[in-house]
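Chains as they are written, first to last, in the UniProt record's numbering: chain V, 1 to 221; chain E, 1 to 221; chain U, 1 to 221; chain A, 1 to 221.
Contents: one structure, followed by commentary.
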DNA sequence: AATGAATGAGCATTCATTCAT
DNA sequence: CATGAATGAATGCTCATTCAT
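Here it is, written out as structure tokens:
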């Protein structure tokens with residue numbers, strides 16, 4: 001792997017584990033066994049590293065918004081896969097959300113990019129909800145669509161960080177991803193049309209099982 | 001006002017405006033026109049200031065959980081007033097939530113206190129939901145109560161911080177409080193029983209009006 | 001007791017236990033439950049406290065140099081009582097010797113007083129040795145008297161501090177006083193005349209017993 | 001010279017001249033014309049500098065304990081060269097002994113290392129005395145060997161520091177080294193066997209001459 | 001590409017001391 | 001006599017960043 005990529009990889013890992021605030025550029029260099037000078041050969045400054053990580057994150061997000069394969073999966077099935085994917089990204093870049101305010105306050109350019117993507121997400125999410133509404137999967141009046149879309153996004157975005165503040169040890173595992181998907185489903189529950197209820201229940205049951213298995217596995221370790 | 005209180009007040013203001021990370025103890029002292037030594041006469045260290053602010057915050061939270069006046073208000077009416085109060089607190093101590101992870105990671109004692117209050121909130125919210133369910137205001141199965149309670153708490157807790165990341169200028173005003181209450185109502189909407197729907201709609205309309213008025217006022221300024 | 005005396009007493013105790021460097025004027029005031037301002041009402045500064053302690057110490061030293069009761073004790077017996085007294089003083093003011101260099105470097109006036117007393121001690125010790133030599137208790141040429149006197153003084157002066165550096169826990173107890181007297185006797189041993197040897201041995205045996213008793217007592221605790 | 005070595009050298013000089021307490025890391029950096037950051041690039045903290053100086057000191061001590069060349073020198077001759085070497089070390093690291101208590105109290109690891117070396121010195125000194133006794137150079141009963149060994153060590157260890165407290169100007173010169181050797185000899189004098197007396201006197205005379213020459217030289221300056 | 005010594009402004013904190021009350 | 005808030009220079013130390021090699 002190229003040094004530049006190794007720096008990004010190590011920074012992401014260290015940021016996620018100890019928080020961006022606690023990790024200095026010297027920590028990153030030492031962790032990789034390279035000199036601080038070399039790190040600054042590849043990146044202009046610490047912000048630059050964070051921007052690169054953000055770029056990576058953004059491409060994952062865009063990827064997650066790919067249209068669904070209408071022939072091989074139901075729309076609810078797609079939705080769940082989408083949520084799952086999003087939460088994986090939130091997990092992968094959890095340091096970013098833990099310090100989102102600080103990071104955006106320090107870097108106007110990054111903020112502009114971030115806000116732009118957020119707006120795009122709002123639009124796409126709303127249109128997805130509208131499709132679900134139009135084909136009778138959910139029952140939802142127009143005026144609530146934008147709000148619900150943003151609420152779901154917020155739950156996904158805040159989930160990992162919020163969970164880590166609710167526990168005395170502060171550790172978060174991948175388990176929380178399944179819990180996060182379930183939480184979005186629960187939030188969604190009230191809007192599901194009767195005709196889609198059976199499939200919805202099936203999906204929920206299936207995720208509950210995944211969570212149980214994952215929790216058992218974690219406990220074993 | 002006593003110097004100790006002035007330090008707490010100034011710290012809270014500066015933390016909210018610039019972020020806890022960006023504000024040093026010397027900034028606080030200079031802002032108040034006192035010497036750094038004097039600040040340390042009143043507080044052992046920066047953490048101590050944050051803990052004092054947290055204590056203040058905690059007492060607001062506890063205050064917000066007072067039982068409702070059953071003779072003079074409906075349960076939905078109480079709920080809205082409660083949400084309103086909670087969001088005011090979130091606004092008042094928004095720096096705390098913006099840096100929650102960092103702050104709790106650095107201070108185990110504070111984390112313990114925070115987690116304890118969070119658990120108490122979960123219990124009380126769940127029991128409030130159960131009352132609403134039992135008197136027919138909402139329709140909600142037992143297994144969903146805990147999750148819904150926590151989701152609502154999460155929306156309230158993350159609302160201010162999340163909003164400030166969604167806008168290019170990053171500023172959040174008290175308007176967002178009305179929006180926050182409305183968002184919780186929307187999330188709640190799917191669970192409201194038919195018989196409570198009229199009152200629910202009335203309350204929502206009323207809050208939409210408050211928001212419109214407030215937004216107009218802000219715009220004027 | 002007067003506040004001034006309480007400050008001196010507390011300072012001496014705290015300095016001895018934690019070292020002068022580690023004890024601030026605020027520590028002393030807090031330990032006594034008085035205000036720092038009050039401490040500075042009684043003393044101009046920290047140095048002033050140390051000077052007062054020194055004055056007390058000096059009077060003990062002068063006291064120890066009282067002539068001996070020629071009718072009721074032998075000269076060797078007197079010498080041992082004298083050594084014992086000196087070492088008690090060294091114990092009582094052990095912080096002073098532990099930081100002697102620092103303290104004298106910071107306070108020229110104190111240094112002048114200290115040096116003056118030291119010179120007086122040298123003269124008096126030498127004349128005492130001369131008496132012992134003249135009455136045949138010790139065998140010692142003139143040219144060695146001054147040196148031996150100073151060596152003995154040095155052993156007494158450094159004893160407590162030196163012992164505390166030789167042990168892993170750094171604690172020194174009153175036991176070390178008996179050991180100190182014995183060490184001076186051992187150093188003296190080579191110069192004792194044959195005719196005084198029996199009494200010398202008797203005194204040494206007696207002190208060894210005292211040490212054994214004291215050590216046993218310490219162990220019990 | 002490497003910067004790290006320059007820092008050690010400058011620290012040792014400044015500590016010796018003004019006392020460890022009075023010299024801050026910023027003083028050292030300013031004295032060398034380097035930034036405080038650079039100093040902390042080479043050393044983790046002030047303690048680390050002191051530990052490095054101590055390591056240097058320890059290697060000198062170990063060096064001084066090399067066995068003597070039985071073919072080319074007498075045992076008394078060796079002893080004097082050894083004492084001379086030890087006192088040179090005490091001179092070179094005099095700040096260390098002046099603040100020994102403080103330094104060891106603040107640094108448990110250093111204390112452990114120091115105590116270990118002290119114990120080794122006691123053992124080696126005692127066995128050296130036993131050799132001198134066995135070949136008839138000194139007359140000394142077994143039970144006094146350990147005590148005499150420690151007394152001599154104490155005189156060597158405290159000599160420089162003690163001398164600096166005995167003079168009104170507080171300055172100590174290399175002259176004191178010769179005086180120190182002579183003082184140890186005087187302390188030893190009482191135990192020398194008759195057959196070794198002539199050589200002992202010769203050595204003493206020789207050192208007295210060295211001292212006289214050195215004093216004259218110092219006076220000239 | 002990479003090194004690693006060097007920078008320097010800044011940080012949290014300390015503490016002997018002052019002074020109005 | 002006594003209080004306790006206030007001072008401010010100083011301390012040990014950090015860290016993003018630079019630059020000659």
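Every residue, glycine too, gets a C-beta built ideally from N, C-alpha and C.
Computed from a predicted structure; not experimentally measured.
Between the alpha carbons of residue 103 of chain E and residue 182 of chain E, how many angstroms are there, rounded? Here residue 103 of chain E corresponds to residue number 103 of the second chain, with the count starting at 1. Here residue 182 of chain E corresponds to residue number 182 of the second chain, with the count starting at 1. Cα-Cα distance, rounded: 29 Å.
What does DSSP give as the partner residue(s) for residue 138 of chain V in the beta ladder? Working through the first chain from its first residue, we reach residue 138 of chain V at position 138. Partner(s): V:192.
Check whether residue 151 of chain E and residue 24 of chain V have beta carbons under 9 Å apart: One-based indexing of the second chain puts residue 151 of chain E at position 151. One-based indexing of the first chain puts residue 24 of chain V at position 24. Not a contact, by the Cβ cut-off of 9 Å.
Restricting to Cα atoms, I'd like to know which of U:121, U:164 and U:199 is closest to residue 18 of chain U. For this step, residue 18 of chain U is matched to residue 18 along the third chain. Ranking U:121, U:164 and U:199 by Cα distance to residue 18 of chain U puts U:164 first.
Beta-carbon of residue 162 of chain V versus every beta-carbon of chain E: anything under 9 Å? Numbered from its first residue, the first chain carries residue 162 of chain V at position 162. So, interface residue.
Entirely within the region 11 to 62 of chain A and at least 4 residues each: give me those alpha helix (DSSP H) ranges in chain order. 25 to 32 and 36 to 42
Show which residues of chain U have a CB atom less than 8 Å away from the CB atom of residue 144 of chain A. Along the fourth chain, read from residue 1 onward, the residue named residue 144 of chain A stands at position 144. The answer, in chain order, is 186 and 189.
Would residue 105 of chain V count as contacting chain E if we go by Cβ distances under 9 Å? The residue you call residue 105 of chain V lines up with position 105 of the first chain. Interface residue, yes.
Nonlocal neighbours in the same chain, by C-beta distance under 8 Å from residue 196 of chain V, ignoring five residues either side: If you number the first chain from 1, residue 196 of chain V lands on position 196. The answer, listed in chain order, is 76, 136, 137 and 138.
Spatial distance of residue 208 of chain V from residue 190 of chain V (CA atoms): Taking the first residue of the first chain as position 1, residue 208 of chain V is located at position 208. Taking the first residue of the first chain as position 1, residue 190 of chain V is located at position 190. Rounded to whole angstroms, residue 208 of chain V to residue 190 of chain V spans 18 Å at the Cα level.
Contact list for residue 168 of chain A against chain U, beta-carbon separation under 8 Å: What you label residue 168 of chain A is simply residue 168 of the fourth chain in a count that begins at 1. Neighbours of residue 168 of chain A on chain U, chain order: 111, 112 and 115.
Do you know offhand how far residue 64 of chain V's Cα is from residue 113 of chain E's? Counting from one through the first chain, the residue named residue 64 of chain V turns up at place 64. Counting from one through the second chain, the residue named residue 113 of chain E turns up at place 113. Between residue 64 of chain V and residue 113 of chain E, the C-alpha separation is close to 38 Å.
Residue 158 of chain A to residue 98 of chain E, Cα distance in whole Å? Working through the fourth chain from its first residue, we reach residue 158 of chain A at position 158. Working through the second chain from its first residue, we reach residue 98 of chain E at position 98. About 59 Å.
Flag residue 19 of chain U as yes if its beta-carbon sits less than 9 Å from any beta-carbon of chain A, otherwise no. Residue numbering aside, residue 19 of chain U sits at position 19 when the third chain is read from its first letter. Residue 19 of chain U counts as touching chain A.
Are the beta-carbon atoms of residue 32 of chain V and residue 51 of chain V separated by less than 9 Å? In the first chain, residue 32 of chain V corresponds to position 32, counting from 1. In the first chain, residue 51 of chain V corresponds to position 51, counting from 1. Their beta carbons are not under 9 Å apart, which means residue 32 of chain V does not touch residue 51 of chain V by this criterion.
So with CB distances below 7 Å, who are the chain A contacts of residue 183 of chain U? By 1-based counting over the third chain, the position of residue 183 of chain U is 183. What residue 183 of chain U touches in chain A: 147 and 151.
Alpha helix (DSSP H) segment containing residue 77 of chain E, residue limits: If you number the second chain from 1, residue 77 of chain E lands on position 77. Here the alpha helix (DSSP H) through residue 77 of chain E covers 75 to 92.
Taking only beta-carbon atoms, is residue 136 of chain E less than 9 Å away from chain V? As a working mapping, residue 136 of chain E is identified with position 136 in the second chain. No, residue 136 of chain E lies away from the interface with chain V (no Cβ there is under 9 Å from its Cβ).
Under the three-state DSSP convention, the category residue 124 of chain E falls into: Numbered from 1 along the second chain, position 124 holds the residue referred to as residue 124 of chain E. Helix at residue 124 of chain E.
How big is the Cα-Cα spacing for residue 74 of chain V and residue 153 of chain V? Translated into the one-based positions of the first chain, residue 74 of chain V becomes position 74. Translated into the one-based positions of the first chain, residue 153 of chain V becomes position 153. Cα-Cα distance, rounded: 21 Å.
Taking the C-alpha atoms as reference points, what is the distance between residue 192 of chain E and residue 89 of chain V? Taking the second chain and counting its residues from 1, the one referred to as residue 192 of chain E is at position 192. Taking the first chain and counting its residues from 1, the one referred to as residue 89 of chain V is at position 89. Cα to Cα, the separation comes out at about 33 Å.
Nearest candidate by alpha-carbon position, reference residue 100 of chain A, set A:40, A:215, A:213 and A:162: Translated into positions along the fourth chain, residue 100 of chain A becomes position 100. For residue 100 of chain A, the nearest C-alpha among the options comes from A:162.
Under 8 Å by Cβ, that's how I've got residue 4 of chain E and residue 42 of chain E pegged, so tell me the actual separation to the nearest angstrom. Locating residue 4 of chain E in the second chain gives position 4, counting from the first residue. Locating residue 42 of chain E in the second chain gives position 42, counting from the first residue. Residue 4 of chain E to residue 42 of chain E, Cβ: 5 Å. Contact.
Would you mind listing the alpha helix (DSSP H) stretches within the region 162 to 210 of chain U that are 4+ residues and don't spill past its ends, in chain order? 175 to 189
Using the Cα positions of residue 146 of chain V and residue 122 of chain V, report the straight-line distance between them to the nearest angstrom. As a position in the first chain, residue 146 of chain V is number 146, starting the count at 1. As a position in the first chain, residue 122 of chain V is number 122, starting the count at 1. Whole-angstrom Cα-Cα distance: 7 Å.
Start-to-end residues for the alpha helix (DSSP H) that takes in residue 106 of chain V: Looking up residue 106 of chain V in the first chain gives position 106. Run containing residue 106 of chain V: 100 to 106, per the alpha helix (DSSP H) assignment.
Let me know if residue 20 of chain E comes out buried or exposed under the rule of 16 or more other beta-carbons within 10 Å of its beta-carbon. Taking the first residue of the second chain as position 1, residue 20 of chain E is located at position 20. Flag for residue 20 of chain E reads buried.
Round the Cβ separation of residue 29 of chain U and residue 38 of chain U to the nearest angstrom and send it over; I've been treating them as touching at under 8 Å. If you number the third chain from 1, residue 29 of chain U lands on position 29. If you number the third chain from 1, residue 38 of chain U lands on position 38. Confirmed, about 7 Å.
Could you check how far apart the C-beta atoms of residue 94 of chain E and residue 16 of chain E are, in whole angstroms? I think they sit under 8 Å. As a working mapping, residue 94 of chain E is identified with position 94 in the second chain. As a working mapping, residue 16 of chain E is identified with position 16 in the second chain. That belief holds up - the Cβ atoms of residue 94 of chain E and residue 16 of chain E are roughly 5 Å apart, short of 8 Å.
With a threshold of 9 Å between beta-carbons, can residue 45 of chain E be considered close to chain V, or not? For the purposes of this step, residue 45 of chain E is taken as residue 45 along the second chain, with counting starting at 1. Chain V contact via Cβ: absent.
Three-state class that DSSP yields for residue 69 of chain E in the structure shown: Translated into positions along the second chain, residue 69 of chain E becomes position 69. The answer is coil: DSSP assigns residue 69 of chain E none of H, G, I, E or B.
Tell me, to the nearest whole angstrom, how far the beta carbon of residue 172 of chain U is from that of residue 83 of chain U; I am working on the premise that it is less than 8 Å. By one-based count along the third chain, residue 172 of chain U stands at place 172. By one-based count along the third chain, residue 83 of chain U stands at place 83. Going by Cβ atoms, the distance from residue 172 of chain U to residue 83 of chain U rounds to 17 Å, so no, they are not a contact pair.
Just confirm the distance between the C-beta atoms of residue 91 of chain E and residue 160 of chain E, as a whole number of angstroms; I'd bet it's less than 8 Å. Position 91 of the second chain, counted from the start, is the residue given in the question as residue 91 of chain E. Position 160 of the second chain, counted from the start, is the residue given in the question as residue 160 of chain E. Going by Cβ atoms, the distance from residue 91 of chain E to residue 160 of chain E rounds to 6 Å, so yes, they are a contact pair.
Give a yes or no on whether 9 Å exceeds the smallest Cβ distance from residue 50 of chain A to chain U. Here residue 50 of chain A refers to the residue found at position 50 of the fourth chain. So no, residue 50 of chain A is outside the interface.
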